[in-house]
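Q: Each residue of the sequence shown is one higher than the one before, starting from 1 at the first, in the UniProt record's numbering. Using N, Cα and C, we set each Cβ at its ideal position, and we do this for glycine too. Owing to the predicted nature of the structure, the values given are computational and were not obtained by experimental measurement.
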Amino acid sequence: MFNPVPIQDNLPLLLQICGVIGSIVYVGGFVLVQCDIACGNGTAYSVFKIIAAALVLLSLIDSFNLAAFLIQIGFIGFGLWGLARRTGTSADRKETPTRSTPLRYERPAALTCEGAPRAIREQAS
1 MFNPVPIQDN
11 LPLLLQICGV
21 IGSIVYVGGF
31 VLVQCDIACG
41 NGTAYSVFKI
51 IAAALVLLSL
61 IDSFNLAAFL
71 IQIGFIGFGL
81 WGLARRTGTS
91 ADRKETPTRS
101 TPLRYERPAA
111 LTCEGAPRAI
121 REQAS
């Protein structure tokens, strides 16, 4: 007869695998930005960071580390906040107060993803 192994016996291994996958997603997203394949200001990049942070946070169940926990909570919180701001309507964005910036300030091309492929630039806006 088939005798499945209880999940409790494999839980530490499964949690460690989640952490490794999360780390791969973190580094993979960074590589995509550095290679100009993805835009660091884009929605996809934020979603990847949130997924990676959630996976690493899940892995902390087995071996807790306060510093790693706080970093993951920060990535998830600020990632969700950025997605909420990005998905709002343009009218919402105009009403949102921003920090005062010097007159005639123009964002450098690197911050606006001008060097990224057109599909990535459209996704970032």
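My guess is that S23 and V47 are in contact by the Cβ rule of under 8 Å, so how many angstroms apart are they, rounded?
A: Walking along the sequence shown from the start, residue 23 turns up at place 23. Walking along the sequence shown from the start, residue 47 turns up at place 47. At roughly 17 Å, the Cβ-Cβ gap does not stay under 8 Å, so S23 and V47 are not in contact.
Q: Between F69 and K49, how many whole angstroms is the CB-CB distance? I'm expecting something under 8 Å.
A: Your numbering for residue 69 matches position 69 in the sequence shown. Your numbering for residue 49 matches position 49 in the sequence shown. Contact flag wrong, Cβ pair sits at about 16 Å.
Q: Among S63, A53, Q72, I51, whose alpha-carbon lies nearest the alpha-carbon of L13?
A: For the purposes of this step, residue 13 is identified with residue 13 of the sequence shown, where counting begins at 1. It is S63 whose Cα lies nearest to the Cα of L13.
Q: Please state the DSSP three-state secondary structure of Y105.
A: The residue labelled residue 105 in the question sits at position 105 within the sequence shown. Any reading at Y105 needs caution, since the residue's pLDDT is 48, under 50, leaving its predicted position unreliable; the model's value is listed next. Correct three-state label for Y105: coil.
Q: For S63, which three-state DSSP category applies?
A: As a working mapping, residue 63 is identified with position 63 in the sequence shown. Three-state DSSP puts S63 in coil, outside helix and strand.
Q: Since G29 contacts Y45 with CB under 8 Å, what's their CB separation in whole angstroms?
A: Here residue 29 refers to the residue found at position 29 of the sequence shown. Here residue 45 refers to the residue found at position 45 of the sequence shown. About 6 Å; that satisfies the 8 Å criterion.
Q: Between I7 and the rest of its own chain, which residues show a CB-CB distance below 6 Å, the 5 nearest in sequence each way excluded?
A: The residue given as residue 7 occupies position 7 in the sequence shown. Correct list: empty, nothing qualifies.
Q: Could you tell me whether the Cβ atoms of L15 and S59 are closer together than 7 Å?
A: Within the sequence shown, the letter at position 15 stands for residue 15. Within the sequence shown, the letter at position 59 stands for residue 59. For L15 and S59, yes; Cβs fall inside 7 Å.
Q: Assign V5 to one of three DSSP states: helix, strand, or coil.
A: The residue you call residue 5 lines up with position 5 of the sequence shown. Note: V5 maps to coil in three-state DSSP.
Q: Can you give the beta carbon distance from Q72 to A53, rounded, assuming they're within the 8 Å contact cut?
A: Taking the first residue of the sequence shown as 1, we reach residue 72 at position 72. Taking the first residue of the sequence shown as 1, we reach residue 53 at position 53. That belief holds up - the Cβ atoms of Q72 and A53 are roughly 4 Å apart, short of 8 Å.
Q: Based on Cα-Cα distance, which residue from V5, G19, D9, P4 lies nearest to N65?
A: The residue labelled residue 65 in the question sits at position 65 within the sequence shown. N65 has its Cα closest to that of G19, out of V5, G19, D9, P4.
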